[in-house]
Amino acid sequence: MGRVLVVDDEPGIRSVLTDILQDEKHVVFAAADGFAGLAILKQEPIDLVILDVWLPNLGGIDVLKEIKQEYPEIEVIIISGHANIDLAVRAVKLGAYDFLEKPLSLEKVTTLVRNALTLEDLKRENRTLKSSLFMDDELIGQSKPMQEVVELIRQSASSEAKIMILGENGTGKELVAREIHRQSPRAGGPFVEVNCAAIPDTLIESELFGHEKGAFTGAVARRKGKFEAASGGTIFLDEVADLSASAQAKLLRVIQELKFERIGGEKSITVDVRIISATNKDIHEETANRRFREDLYFRLNVIPIFVPPLRERIEDLSALVTYFMRKFKEPDAPEPKTISPEGIKLLEGYPWPGNVRELKNFVQRINIMADEQVISPETVRFYLGEQRVNGESASLRDFSGMKLGEARDEFEKKFIVRKLEENDFNITQTAQSLGVYPSNLHGKIKKFGIQVKK
Ligand SMILES: Nc1ncnc2c1ncn2[C@@H]1O[C@H](COP(=O)(O)OP(=O)(O)OP(=O)(O)O)[C@@H](O)[C@H]1O
Ligand SMILES: [Mg+2]
């Protein structure tokens, strides 16, 4: 059963729809115009809106746009008279689920509402499935340093204390942050990640705290920030050392007062979020050099968790390989492939500058490329050699004998491949870290014939 909001200026339609929907055991709210409807959306969690396209004051199309902007997960069914069917069609193009024509047929209303609510359910399920499928690995590691991390997670999850996770690239900082959230009393709430390094300085405050319409050029509509989105859950400030000075100051204020204003807004917003931050920079050096505020550092770093590099817990490698081999098994293969003991030894001798992420990509690649069920040391050596080339920054010698244009292309290609690997072949994320638009990145991938694995 769903929670449905009816927005229509005709009292007759409001009461008929309310009756029909209540008979179907839905919880129904009703509003006589767009402003009243939006006010209810602010107060109540709603699954579905039935919206008259022709409303006094704020028109149905504007209400729809606002709903899609602020609450994209809510489905909207449009009601329209025959005279303004063109508006209803426009509404569907703008993201409405479907429209009903007046006079309303009882049967149509009930089936359409039922379908829209199932869709809404499916989408929600899909979202949780997606995040659990693609984002989370189990935290693998029996080594002493990893067991200490596991123990720290267990101890700190139940508290509200702010945690700062430190460690090199690809060591598993984000995984640790998600694990803390999962074990915390906030597990039912959202986990919102903000990559502070990927967002330009000029946009970071709006990203974190939101803005009101017209707060600056380009702020065409009101937008909620990540802090609001994380309400009731956890916000994960990744690469926190990269925040600009003014964003640092604002963040400090939020932490002290637990409230903030949207950019260009007057109203103070109180939020209930737990803050976890992470960085791969040397945070002591950042504070010593005054690039990172010391007072903010003390606030964020109540409990530090250091995730050691893979080479300092190399005894975990074998279990990680087994885990990733199982993960990347082809659906029709009877058993996951394995790597021979000598092959594992070779891997244990490699320094893994990209840590677990690099190992994960390596296992994915060798699993696709190698034909053997038990992968031989020769094959490991072959692909590990390739790994070194990919993993290390190209030296000038690699470009000798090339014209400038060729060398530039070659470097660009290598650099893009590397960034793709670092970002698990997620195009949006890679584009962000490269500072280009996804469409631009797609163009380059095509131009250089890069294989995008996934
Ligand atoms: N102990 C582990 N067990 C299983 N998978 C792991 C482990 N550590 C990391 N991974 C996986 O390796 C990849 C990289 O981990 P993650 O993104 O958490 O690293 P990170 O420290 O946040 O890296 P960066 O500093 O580059 O952002 C992810 O796919 C993650 O699921
Ligand atoms: Mg990370």
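When the letters of the sequence shown are read in order and numbered with numbering that gives the first Met the number 0, they come out as residues 0 to 453. Just so it is clear, CB atoms sit at the ideal spot from N, CA and C, and this is done for glycine as well.
{"Item": "Is the beta carbon of Leu-345 less than 7 Å from the beta carbon of Val-373?", "Value": "no"}
{"Item": "At a cut-off of 6 Å, is Asp-51 close to ligand 1 when judged by its beta-carbon and the heavy atoms of the ligand?", "Value": "no"}
{"Item": "Which stretch, first to last residue, makes up the alpha helix (DSSP H) that contains Met-145?", "Value": "143-156"}
{"Item": "For Met-324, which three-state DSSP category applies?", "Value": "helix"}
{"Item": "Kindly list the residues whose CB is nearer than 6 Å to the CB of Pro-144, restricted to its own chain and excluding five residues on each side of it in sequence; keep chain order.", "Value": "Pro-307 and Arg-312"}
{"Item": "Have a look at Glu-167 and Thr-109 and give me their C-alpha separation to the nearest angstrom.", "Value": "55 Å"}
{"Item": "In chain order, what residues have a CB nearer than 6 Å to some heavy atom of ligand 2?", "Value": "Lys-172, Glu-173 and Asp-237"}
{"Item": "Which residues bound the alpha helix (DSSP H) around Glu-100?", "Value": "Run containing Glu-100: none in the alpha helix (DSSP H); it sits in the beta strand (DSSP E), 97-100."}
{"Item": "What is the DSSP secondary structure of Lys-258, reduced to helix, strand or coil?", "Value": "strand"}
{"Item": "Between Leu-383 and Leu-309, how many whole angstroms is the CB-CB distance? I'm expecting something under 8 Å.", "Value": "In fact, because the Cβ distance is near 14 Å, the residues do not count as touching under 8 Å."}
{"Item": "Counting Cβ pairs, one atom from each stretch, are 3 or more of them under 8 Å apart for the segment 160-175 and the segment 422-437?", "Value": "no"}
{"Item": "Within the present structure, is the beta-carbon of Asn-83 separated from the nearest heavy atom of ligand 1 by less than 6 Å?", "Value": "no"}
{"Item": "Helix, strand or coil: how does DSSP classify Val-451 here?", "Value": "coil"}
{"Item": "When every heavy atom of ligand 1 is checked, does at least one fall within less than 6 Å of the C-beta of Asp-168?", "Value": "Correcting the residue type first, residue 168 is Asn in the shown sequence and not Asp. Checking every heavy atom of ligand 1 against the Cβ of Asn-168, one is found closer than 6 Å."}
{"Item": "The alpha helix (DSSP H) spanning Met-368 covers which residue range?", "Value": "354-368"}
{"Item": "At 4 residues or longer, what runs of the alpha helix (DSSP H) sit wholly inside the segment 26-99?", "Value": "33-42, 59-69 and 84-92"}
{"Item": "Taking 6 Å as the cut-off, is the beta-carbon of Gly-353 closer than that to any non-hydrogen atom of ligand 1?", "Value": "no"}
{"Item": "Just checking, does the segment 260-274 make contact with the segment 196-213 on the three C-beta pairs under 8 Å criterion?", "Value": "yes"}
{"Item": "Excluding the 5 residues flanking Arg-298 on each side, which residues of the same chain have their C-beta closer than 7 Å to its C-beta?", "Value": "Lys-161, Leu-251 and Ile-254"}
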